[in-house]
Amino acid sequence: MDVVPVALGARTYEVRIGQGLLARAGAEIAPLLRRKRVAVVTDAHVAALHWPALQAALAAEGITSEALVLPAGEATKGWAQFSRTVEWLLDQKVERRDVVVALGGGVIGDLVGFAAAVLRRGVRFVQIPTSLLAQVDSSVGGKTGINTAQGKNLVGAFHQPSLVLADIGVLDSLPPRDFLSGYGEVVKYGLLGDSAFFDWLERNGPALTAGDKAARQYAVARSVQMKAGIVERDETEEGERALLNLGHTFCHALESATEYDGARLLHGEGVAIGCALAFELSQRLGLCAQEAPSRVRTHLRDMGMKVDLHDIPGDLPGAETLLDLMAQDKKVVDGALRFILARGIGDAFVTADVPRDAVLTLLRDALETRA
Ligand SMILES: NC(=O)c1ccc[n+]([C@@H]2O[C@H](COP(=O)([O-])OP(=O)(O)OC[C@H]3O[C@@H](n4cnc5c(N)ncnc54)[C@H](O)[C@@H]3O)[C@@H](O)[C@H]2O)c1
Numbered sequence: 000m001d002v003v004p005v006a007l008g009a010r011t012y013e014v015r016i017g018q019g020l021l022a023r024a025g026a027e028i029a030p031l032l033r034r035k036r037v038a039v040v041t042d043a044h045v046a047a048l049h050w051p052a053l054q055a056a057l058a059a060e061g062i063t064s065e066a067l068v069l070p071a072g073e074a075t076k077g078w079a080q081f082s083r084t085v086e087w088l089l090d091q092k093v094e095r096r097d098v099v100v101a102l103g104g105g106v107i108g109d110l111v112g113f114a115a116a117v118l119r120r121g122v123r124f125v126q127i128p129t130s131l132l133a134q135v136d137s138s139v140g141g142k143t144g145i146n147t148a149q150g151k152n153l154v155g156a157f158h159q160p161s162l163v164l165a166d167i168g169v170l171d172s173l174p175p176r177d178f179l180s181g182y183g184e185v186v187k188y189g190l191l192g193d194s195a196f197f198d199w200l201e202r203n204g205p206a207l208t209a210g211d212k213a214a215r216q217y218a219v220a221r222s223v224q225m226k227a228g229i230v231e232r233d234e235t236e237e238g239e240r241a242l243l244n245l246g247h248t249f250c251h252a253l254e255s256a257t258e259y260d261g262a263r264l265l266h267g268e269g270v271a272i273g274c275a276l277a278f279e280l281s282q283r284l285g286l287c288a289q290e291a292p293s294r295v296r297t298h299l300r301d302m303g304m305k306v307d308l309h310d311i312p313g314d315l316p317g318a319e320t321l322l323d324l325m326a327q328d329k330k331v332v333d334g335a336l337r338f339i340l341a342r343g344i345g346d347a348f349v350t351a352d353v354p355r356d357a358v359l360t361l362l363r364d365a366l367e368t369r370a
């Protein structure tokens with residue numbers, strides 16, 4: 000097992016990564032509990048596959064548990080299921096000193112983390128991330144929240160979990176498309192700050208998707224180490240943490256343009272396309288060599304991932320509309336769009352200094368190659 004601490008003073012916690020953690024979850028969680036009872040929130044897919052194992056693991060330590068099972072999918076991350084969750088937790092009589100457990104992907108982790116943040120002005124919660132995306136990214140760092148009609152993740156809170164249990168084994172049941180979507184966030188770490196990790200992914204990506212446990216363990220642990228380091232240095236995104244948004248300004252516009260319809264675009268797929276666009280933009284602005292965007296695209300293609308706008312089924316709005324959607328992003332400061340660009344693979348930086356026309360032309364060209 001790898002243990003990655005997230006050192007945040009009084010809010011320090013561990014991310015434990017390994018095989019079989021779900022079966023040991025009761026013993027892992029028990030030291031946090033003041034009474035042997037937890038409320039678990041999960042989604043329908045994950046409940047069918049993994050809730051019995053978690054419930055048995057909790058029961059083995061004498062911990063009773065109840066679960067709320069929400070519908071699976073991004074549409075769950077909104078006001079309706081959020082208020083349902085908060086009210087269910089209140090009905091369960093969850094108290095200030097209790098622990099709420101989020102069992103699922105990033106949708107469940109974000110929504111349940113936010114519910115825990117506001118319930119009785121904040122209760123502790125444990126993340127048991129079951130998707131690759133959630134294990135390498137969303138379960139770590141304390142960003143919680145929901146989507147609204149105005150855009151993605153616009154309502155939320157910083158609320159750190161008390162413990163994260165990432166069981167590599169549960170990834171076996173993840174549908175291949177969801178696994179690859181999570182891989183978009185894994186690649187992001189190499190691209191933003193660790194070129195040696197990107198080299199490793201070029202060599203080991205296929206084994207990782209094929210199910211190689213050692214490769215999965217390493218990729219998750221390395222990703223979590225990178226995220227933990229960044230979060231420790233900049234918990235509330237005053238600076239460096241923004242690097243984690245590489246590809247995300249494009250991604251959020253595309254997710255909004257496809258109405259969060261997972262059949263068309265998953266979050267990590269949008270991140271992959273966004274990373275390819277960010278590297279293309281960097282090259283056009285003379286910041287990095289042509290070789291960099293080509294390498295990014297080649298690796299994503301080799302992995303069977305979406306790379307271009309024409310990989311998204313259905314119609315997309317024009318470049319102006321996409322740019323307007325980007326302006327709705329949280330990363331707007333004083334009306335100026337901030338971008339994460341790169342000087343090369345593993346060397347990203349934040350800038351507000353991107354001419355609007357350069358982005359418009361990039362998007363027009365990207366849309367044109369769709370035709
Ligand atoms: N808080 C953060 O820092 C942060 C970072 C990145 C992404 N996110 C958010 O994460 C969300 C995306 O997360 P996601 O890709 O995990 O989506 P998700 O939670 O919808 O999970 C994807 C699909 O996989 C299923 N699933 C999950 N684990 C499974 C398993 N082990 N076996 C079988 N099926 C399983 C889910 O039911 C769902 O259908 C987005 O809302 C995004 O905004 C948050």
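Just so we're aligned: 237 in numbering that gives the first Met the number 0 is position 238 of the sequence shown, and the numbers increase by one with no gaps anywhere.
For every residue, glycine included, the Cβ atom is placed at its ideal position computed from N, Cα and C.
Indicate whether Gly-77 and Asn-146 have their beta-carbon atoms separated by less than 8 Å. Residue mapping note: residue 77 aligns to position 78 of the sequence shown, counting from 1. Residue mapping note: residue 146 aligns to position 147 of the sequence shown, counting from 1. Result yes, Cβ atoms of Gly-77 and Asn-146 sit closer than 8 Å.
Close Cβ partners of Tyr-12 (< 8 Å) along its chain, the five nearest in sequence each way excluded: The residue given as residue 12 occupies position 13 in the sequence shown. Cβ within range, chain order: Pro-4, Val-5, Gln-159, Pro-160, Ser-161, Leu-162 and Val-163.
Mind checking whether Lys-212 and Val-139 have CB atoms under 8 Å apart? Along the sequence shown, one-based indexing puts residue 212 at 213. Along the sequence shown, one-based indexing puts residue 139 at 140. Cβ atoms of Lys-212 and Val-139: not closer than 8 Å.
Which residues in the same chain have their Cβ closer than 7 Å to the Cβ of Ala-370, if we skip the five residues on either side of it in sequence? Indexing the sequence shown from 1 puts residue 370 at position 371. Because the pLDDT of Ala-370 is 48, which lies under 50, any placement of that residue in the model is unreliable, and the number read from its coordinates should be weighed accordingly. Result list for Ala-370: empty, nothing under 7 Å.
Just to check my reading of the structure: Ile-107 and Leu-53 have Cβ atoms closer than 8 Å, yes? What is that Cβ distance to the nearest angstrom? Within the sequence shown, the letter at position 108 stands for residue 107. Within the sequence shown, the letter at position 54 stands for residue 53. That pair is no contact at about 13 Å.
From this set, Lys-92, Met-0 and Gly-144, which residue's C-alpha is nearest Ala-116's C-alpha? Residue numbering aside, residue 116 sits at position 117 when the sequence shown is read from its first letter. Answer by Cα proximity: Gly-144.
Three-state secondary structure (DSSP) at Pro-292? To locate residue 292, count along the sequence shown from 1; it is residue 293. Note: Pro-292 maps to helix in three-state DSSP.
Using DSSP with H/G/I as helix, E/B as strand and the rest coil, what is Arg-221? Here residue 221 corresponds to residue number 222 of the sequence shown, with the count starting at 1. Here Arg-221 sits in helix by DSSP.
With three or more C-beta pairs closer than 8 Å as the rule, is the region 35-46 touching the region 64-73? yes
Contact defined as beta carbons within less than 8 Å: I believe Tyr-182 pairs with Gly-267. What is the distance between those atoms, to the nearest angstrom? Start at 1 with the first residue of the sequence shown, and residue 182 comes out as number 183. Start at 1 with the first residue of the sequence shown, and residue 267 comes out as number 268. With 8 Å as the limit, Tyr-182 and Gly-267 qualify as a contact, their Cβ atoms being about 7 Å apart.
When every heavy atom of ligand 1 is checked, does at least one fall within less than 7 Å of the C-beta of Ile-339? Locating residue 339 in the sequence shown gives position 340, counting from the first residue. Ile-339 Cβ: outside cutoff for every heavy atom of ligand 1.
Which complete alpha helix (DSSP H) runs does the region 70-110 hold, if anything under 4 residues is left out? 78-90
So, helix, strand or coil for Glu-231, using DSSP? Against the sequence shown, residue 231 aligns to sequence position 232. Of the three classes helix, strand and coil, the one that applies to Glu-231 here is helix, per DSSP.
Just to confirm, are Ile-167 and Arg-202 a CB contact at a threshold of 8 Å? Taking the sequence shown and counting its residues from 1, one reaches residue 167 at position 168. Taking the sequence shown and counting its residues from 1, one reaches residue 202 at position 203. No, the pair does not count as a contact, with Cβ atoms beyond the cut-off.
Kindly provide the ranges of any alpha helix (DSSP H) runs that are 4 or more residues long and lie completely inside the region 266-313, ordered along the chain. 266-283 and 290-301
For ligand 2, is there a heavy atom less than 7 Å away from the beta-carbon of His-158? By its list of ligands, the structure shown excludes ligand 2, since it contains just ligand 1.
Assuming the contact rule is C-beta atoms closer than 8 Å, Leu-32 and Val-98 should be a hit. Round their C-beta distance to whole Å, please. What you label residue 32 is simply residue 33 of the sequence shown in a count that begins at 1. What you label residue 98 is simply residue 99 of the sequence shown in a count that begins at 1. With 8 Å as the limit, Leu-32 and Val-98 qualify as a contact, their Cβ atoms being about 6 Å apart.
For Gly-189, which of helix, strand or coil comes out of DSSP? Taking the first residue of the sequence shown as 1, we reach residue 189 at position 190. Looking at Gly-189 - three-state DSSP - the assignment turns out to be helix.
With the cut-off set at 8 Å, would you say Ala-371 and Thr-84 are in Cβ contact? Residue 371 lies beyond the range of the chain shown here (0 to 370); nothing can be said about it.
Straight-line gap, Gly-261 to Gly-104 (C-alpha atoms, nearest Å): Position 262 of the sequence shown, counted from the start, is the residue given in the question as residue 261. Position 105 of the sequence shown, counted from the start, is the residue given in the question as residue 104. Roughly 14 Å between the two C-alpha positions.
Would you decide whether Ser-82 is buried or exposed? Buried here means 16 or more other CB atoms lie within 10 Å of its CB. Here residue 82 refers to the residue found at position 83 of the sequence shown. Flag for Ser-82 reads exposed.
What is the rounded straight-line gap between the Cα of Ala-291 and the Cα of Ile-339? Taking the first residue of the sequence shown as position 1, residue 291 is located at position 292. Taking the first residue of the sequence shown as position 1, residue 339 is located at position 340. Their backbone Cα atoms lie some 15 Å apart in a straight line.
With 16 other CB atoms within 10 Å as the buried threshold, where does Arg-34 fall? As a working note, residue 34 is residue 35 in the sequence shown. So Arg-34 ends up on the exposed side.
Hey, is Lys-142 close to ligand 1, as in C-beta under 7 Å from one of its heavy atoms? For the purposes of this step, residue 142 is taken as residue 143 along the sequence shown, with counting starting at 1. The answer is yes for Lys-142.
Coil, strand or helix - Tyr-259 by DSSP: Within the sequence shown, numbered from 1, the residue matching residue 259 stands at position 260. It is coil, neither helix nor strand.
Could you pull out every residue in the same chain whose Cβ sits closer than 7 Å to the Cβ of Met-0, ignoring the five residues on either side in sequence? In the sequence shown, the residue the question calls residue 0 occupies position 1. Cβ within range, chain order: Arg-15, Ile-16 and Gly-17.
Using DSSP with H/G/I as helix, E/B as strand and the rest coil, what is Ala-59? Sequence index remark: in the sequence shown, residue 59 carries index 60 (1-based). Correct three-state label for Ala-59: coil.
Per DSSP, Arg-15 is paired with what? Indexing the sequence shown from 1 puts residue 15 at position 16. Beta-bridge pairing links Arg-15 to Val-2 and Leu-164.
Cutting at 6 Å between CB atoms, please list the residues of its own chain near Asp-233, excluding the five before and the five after it. Position 234 of the sequence shown holds residue 233. Glu-239 and Arg-240.
Test item: CB-CB of Ala-318 and Leu-264 under 8 Å: Translated into the one-based positions of the sequence shown, residue 318 becomes position 319. Translated into the one-based positions of the sequence shown, residue 264 becomes position 265. Cβ atoms of Ala-318 and Leu-264: not closer than 8 Å.
For Ala-370, name the three-state secondary structure that DSSP assigns. Along the sequence shown, read from residue 1 onward, the residue named residue 370 stands at position 371. Confidence at Ala-370 is low in this model, with a pLDDT of 48, below 50, so the placement of that residue should be treated as unreliable; the coordinate-derived value is given next. Ala-370 falls in the coil class under three-state DSSP.
Contact defined as beta carbons within less than 8 Å: I believe Met-325 pairs with Ala-275. What is the distance between those atoms, to the nearest angstrom? Counted from its first residue, the sequence shown places residue 325 at position 326. Counted from its first residue, the sequence shown places residue 275 at position 276. About 16 Å; that fails the 8 Å criterion.
Starting from the Cα of Arg-363, find the closest Cα among Leu-322, Pro-354, Gly-343 and Ala-59 and give me that residue. Start at 1 with the first residue of the sequence shown, and residue 363 comes out as number 364. Minimum Cα distance to Arg-363 is reached at Leu-322.
beta-carbon Val-169 near ligand 1 non-hydrogen atom, thresh 7 Å: Numbered from its first residue, the sequence shown carries residue 169 at position 170. Checking the Cβ of Val-169 against ligand 1 gives yes.
What residues are listed by DSSP as bridge partners for Gln-126? For the purposes of this step, residue 126 is taken as residue 127 along the sequence shown, with counting starting at 1. Paired residues: Ala-101 and Val-163.
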